[in-house]
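For this note's numbering, add 16 to where a residue sits in the sequence shown, where the first one is 1.
By construction, the Cβ of each residue, glycine as well, lies at the ideal position given by its N, Cα and C atoms.
Predicted model only: the values in this text are computed from it and were never measured.
Everything on this sheet refers to the single structure shown next.
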Amino acid sequence: GWNKPGALALLKTKKTILNGEWDKWWDPERERNIKSVKKYLRKLIPMYYHNLNKIRAIVLIAKNHKS
């Protein structure tokens, strides 16, 4: 699920892109150390594939049901 800091960060990124400020913002950020993201990636990647398998199963059931 979403948490407030994550949602706010996503909105800030969207605003930065829409205002045409991405390149100006990203240039100094690209060198920043983002090791703290690794702990979230370990959780996100398995969740993504788990949910992807659920979605595939639902689509398959829906296709078979229409036949």
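Would you please state the rounded distance, in angstroms, between the beta carbons of Thr32 and Trp18? I believe it to be under 8 Å.
Rounded, the Cβ-Cβ distance is 19 Å, inconsistent with contact.
Through-space distance from His66 to Pro44, alpha-carbon basis
35 Å
Go ahead and pull the three-state DSSP assignment for Gly22.
helix
Do you know how far the Cα of Lys79 is from the Cα of Leu68?
In a straight line, the C-alpha of Leu68 is about 16 Å away from that of Lys79.
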